[in-house]
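S.K.: Dropping the structure in here first, questions after.
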Amino acid sequence: VRAGWRPAGAARAAGALDTIERALHGDRRALARVLSVLEGGGAPAAEALRAIYPHAGRAQVVGLTGPAGSGKSTLAAALARYYRGRGERVAVVAVDPTSPYSGGALLGDRVRMPDLAADDGVFIRSMASRGGSGGLALAANAVVAALDAAGYQRVLIETVGAGQAEIAVAKMAHTTVVVTVPGLGDEVQALKAGLFEVGDVLVVNKADRPEADRAQAELAMLQSLAPAAAWQPPVVPTVALTGDGVADLAGAIARHAAYLEATGEGRRRVRERAEAAVLGAAQAEIGKRLTRALGGGRMPALVSGVAEHELSPYDAASDLLAAVGLGTES
Ligand SMILES: Nc1nc2c(ncn2[C@@H]2O[C@H](COP(=O)(O)OP(=O)(O)O)[C@@H](O)[C@H]2O)c(=O)[nH]1
Ligand SMILES: [Mg+2]
175 VRAGWRPAGA ARAAGALDTI ERALHGDRRA LARVLSVLEG GGAPAAEALR AIYPHAGRAQ
235 VVGLTGPAGS GKSTLAAALA RYYRGRGERV AVVAVDPTSP YSGGALLGDR VRMPDLAADD
295 GVFIRSMASR GGSGGLALAA NAVVAALDAA GYQRVLIETV GAGQAEIAVA KMAHTTVVVT
355 VPGLGDEVQA LKAGLFEVGD VLVVNKADRP EADRAQAELA MLQSLAPAAA WQPPVVPTVA
415 LTGDGVADLA GAIARHAAYL EATGEGRRRV RERAEAAVLG AAQAEIGKRL TRALGGGRMP
475 ALVSGVAEHE LSPYDAASDL LAAVGLGTES
């Protein structure tokens, strides 16, 4: 290849498709590259996802969310071990900068998982939570689709349950597990954060702690106050460090999957997720175009017009939308 030679667009695209092909057939390095392309967004991500999407839709996606330090990473590793023990291929996606899982270690922690890091049936990926809530959810959706298409039957997504972004990611899962710990009022905090609304299974981790029974009773009590529903989220005590209760958690997840299947609720959620993904992608595109239009210097004149009451905000917005090819409706 001559210096300075660059492949034409078509050849570049063919190269990308070849990488995707290899990723779908189990090449881990190719998969890692594809995930980076998807995370990068823009046209390359859109092209890659077009090739990947028809191959996805088979994996069971389980979200793990809850306060920092509640043991989500440890629990994800324990669940991954459990599923591996049953011969399944498992992917773990950490949407939490404090859980990089790099080199098989949970950073800043003594817990290591060299067994998982060395296991070809496990794929671990960290995602930086940048790009705002919409961007993150879109990128995470794409990453999950790629892992699914690459044949990982279980995809575990860890998010630190704080903002809208994390809740948006949690909603991508078929089953969302909310992880709390005894003491420190974490149960109440999680409740405040609206996490319980997304929880299909409630875990009281660190059940080795003395206050665990009380925490579990409190959760059960809070639950009893909730309106009766077709699915009552079970409360499962676990000790992620030792693996105690992890089989029960897997059982609860399986029961929830069966419930989703039997009631049609799963189908409804798939459609809801699809709708959110379409709207999210459209909004991201509009946002990009608006930013470009603003960069073109249109905004100051509109702002002045509105500030001086020469122009209504609606008309200014119409003008801006027209500039990005979205003419007025009225
Ligand atoms: N005692 C006890 N400690 C745990 C348990 N699970 C996790 N930990 C510890 O809790 C800390 C936070 O765990 P981590 O998985 O990083 O939490 P995350 O921030 O929710 O991902 C670490 O020091 C873990 O070793 C458990 O079941 N019992
Ligand atoms: Mg973590």
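For the sequence shown, this note's numbering gives the first residue as 175, with consecutive numbering after it. Glycine is no exception: its CB is placed at the ideal position from the N, C-alpha and C atoms.
Residues in its own chain within less than 6 Å of residue 348 by CB, not counting five upstream and five downstream?
M.R.: The residue you call residue 348 lines up with position 174 of the sequence shown. Result list for residue 348: 234 and 235, in chain order.
S.K.: Within the present structure, is the beta-carbon of residue 414 separated from the nearest heavy atom of ligand 1 by less than 7 Å?
M.R.: Here residue 414 corresponds to residue number 240 of the sequence shown, with the count starting at 1. Yes, Cβ of residue 414 sits closer than 7 Å to a heavy atom of ligand 1.
S.K.: Closer than 7 Å: is that where the CB of residue 247 sits relative to any heavy atom of ligand 4?
M.R.: This structure lacks ligand 4; its bound ligands are ligand 1 and ligand 2.
S.K.: Leaving out five residues on either side along the sequence, give the residues of the same chain with a beta carbon under 8 Å from the beta carbon of residue 393.
M.R.: Translated into positions along the sequence shown, residue 393 becomes position 219. Taken in chain order, the residues that qualify are 354, 361, 376, 378 and 409.
S.K.: Only counting the same chain, and skipping five residues up and downstream in sequence, which positions put a Cβ closer than 7 Å to that of residue 467?
M.R.: Locating residue 467 in the sequence shown gives position 293, counting from the first residue. Hits under 7 Å: 494, 497 and 498.
S.K.: Less than 8 Å between the beta carbons of residue 452 and residue 253, yes or no?
M.R.: Numbered from its first residue, the sequence shown carries residue 452 at position 278. Numbered from its first residue, the sequence shown carries residue 253 at position 79. No, they are not a contact pair.
S.K.: With 16 as the cutoff for other CB atoms within 10 Å, does residue 333 come out buried or exposed?
M.R.: For the purposes of this step, residue 333 is taken as residue 159 along the sequence shown, with counting starting at 1. It counts as buried.
S.K.: Where do the ends of the alpha helix (DSSP H) carrying residue 247 lie?
M.R.: Start at 1 with the first residue of the sequence shown, and residue 247 comes out as number 73. Per DSSP, residue 247 belongs to the alpha helix (DSSP H) from 246-259.
S.K.: Straight-line CA distance for residue 487 to residue 202?
M.R.: As a working note, residue 487 is residue 313 in the sequence shown. As a working note, residue 202 is residue 28 in the sequence shown. Between residue 487 and residue 202, the C-alpha separation is close to 51 Å.
S.K.: Pairing CB atoms from the stretch 311-328 with CB atoms from the stretch 256-270, are three or more of them under 8 Å?
M.R.: At 8 Å Cβ cutoff, the stretches touch.
S.K.: Which of the three DSSP states is assigned to residue 404 in this structure?
M.R.: Within the sequence shown, numbered from 1, the residue matching residue 404 stands at position 230. Residue 404 falls in the coil class under three-state DSSP.
S.K.: Report, in whole angstroms, the separation of the C-beta atoms of residue 454 and residue 238, which I expect to be a contact under 8 Å.
M.R.: Sequence index remark: in the sequence shown, residue 454 carries index 280 (1-based). Sequence index remark: in the sequence shown, residue 238 carries index 64 (1-based). With 8 Å as the limit, residue 454 and residue 238 do not qualify as a contact, their Cβ atoms being about 22 Å apart.
S.K.: Report the residue from 482, 214, 470 and 228 whose alpha carbon sits nearest the alpha carbon of residue 310.
M.R.: The residue labelled residue 310 in the question sits at position 136 within the sequence shown. Nearest of 482, 214, 470 and 228 to residue 310, Cα basis: 214.
S.K.: When the Cβ atoms of the stretch 213-230 are set against those of the stretch 383-397, are three or more pairs found closer than 8 Å?
M.R.: no
S.K.: By how many angstroms is the C-alpha of residue 356 removed from the C-alpha of residue 388?
M.R.: For the purposes of this step, residue 388 is taken as residue 214 along the sequence shown, with counting starting at 1. For the purposes of this step, residue 356 is taken as residue 182 along the sequence shown, with counting starting at 1. For residue 388 and residue 356, the distance between alpha carbons rounds to 8 Å.
S.K.: What does a CB cutoff of less than 6 Å around residue 480 pick up in its chain, not counting 5 residues either side in sequence?
M.R.: In the sequence shown, residue 480 corresponds to position 306, counting from 1. 487 and 490.
S.K.: Could you spell out the range, first to last residue, of the beta strand (DSSP E) harbouring residue 332?
M.R.: To locate residue 332, count along the sequence shown from 1; it is residue 158. Where residue 332 is concerned, the enclosing beta strand (DSSP E) stretches over 328-334.
S.K.: Is residue 240 near ligand 1, going by C-beta to nearest heavy atom under 7 Å?
M.R.: On the sequence shown, residue 240 is found 66 positions in, with the first residue counted as 1. With a cutoff of 7 Å, residue 240 counts as near ligand 1, since its C-beta is closer than that to a heavy atom of the ligand.
S.K.: Would you kindly work out how many angstroms separate the C-alpha atoms of residue 446 and residue 199, rounded to a whole number?
M.R.: If you number the sequence shown from 1, residue 446 lands on position 272. If you number the sequence shown from 1, residue 199 lands on position 25. Roughly 30 Å between the two C-alpha positions.
S.K.: What residue does the alpha helix (DSSP H) around residue 376 start on, and which one ends it?
M.R.: Sequence index remark: in the sequence shown, residue 376 carries index 202 (1-based). Taken as a continuous stretch (DSSP letters only), residue 376 belongs to no alpha helix (DSSP H), being part of the beta strand (DSSP E) at 375-378.
S.K.: Alpha carbon to alpha carbon, how far is residue 383 from residue 398? Give it in angstroms, no decimals.
M.R.: Residue numbering aside, residue 398 sits at position 224 when the sequence shown is read from its first letter. Residue numbering aside, residue 383 sits at position 209 when the sequence shown is read from its first letter. Their Cα atoms are separated by approximately 24 Å.
S.K.: Just to confirm before moving on: does the CB-CB distance between residue 322 and residue 230 stay below 8 Å?
M.R.: In the sequence shown, the residue the question calls residue 322 occupies position 148. In the sequence shown, the residue the question calls residue 230 occupies position 56. Yes, the pair counts as a contact, with Cβ atoms nearer than the cut-off.
S.K.: Buried or exposed for residue 318, please, with buried defined as at least 16 other CB atoms from any protein chain shown within 10 angstroms of its CB.
M.R.: Looking up residue 318 in the sequence shown gives position 144. Result: buried.
S.K.: Between residue 415 and residue 320, what straight-line distance do the alpha-carbon atoms span, to the nearest angstrom?
M.R.: Residue numbering aside, residue 415 sits at position 241 when the sequence shown is read from its first letter. Residue numbering aside, residue 320 sits at position 146 when the sequence shown is read from its first letter. Residue 415 and residue 320: Cα-Cα distance of roughly 30 Å.
S.K.: Smallest Cα separation from residue 405: which of 462, 217 and 435?
M.R.: Working through the sequence shown from its first residue, we reach residue 405 at position 231. Ranking the options by Cα distance to residue 405, first place goes to 435.
S.K.: Let me know the secondary structure DSSP gives residue 347 once reduced to three states.
M.R.: To locate residue 347, count along the sequence shown from 1; it is residue 173. The answer is coil: DSSP assigns residue 347 none of H, G, I, E or B.
S.K.: In three-state terms, what does DSSP make of residue 277?
M.R.: Against the sequence shown, residue 277 aligns to sequence position 103. Only weak support is given to the placement of residue 277: the predicted model assigns it a pLDDT of 42, under 50, and the value that follows is read from those uncertain coordinates. Helix.
S.K.: Is residue 413 near residue 462, with beta carbons less than 8 Å apart?
M.R.: Within the sequence shown, residue 413 is the residue found at index 239, counting from 1. Within the sequence shown, residue 462 is the residue found at index 288, counting from 1. Contact flag unset, no.
S.K.: With distances taken Cα to Cα, identify the nearest neighbour of residue 210 among 314, 371 and 431.
M.R.: Here residue 210 refers to the residue found at position 36 of the sequence shown. Of the listed residues, the one whose Cα sits closest to residue 210 is 314.
S.K.: Would you decide whether residue 374 is buried or exposed? Buried here means 16 or more other CB atoms lie within 10 Å of its CB.
M.R.: By one-based count along the sequence shown, residue 374 stands at place 200. Flag for residue 374 reads buried.
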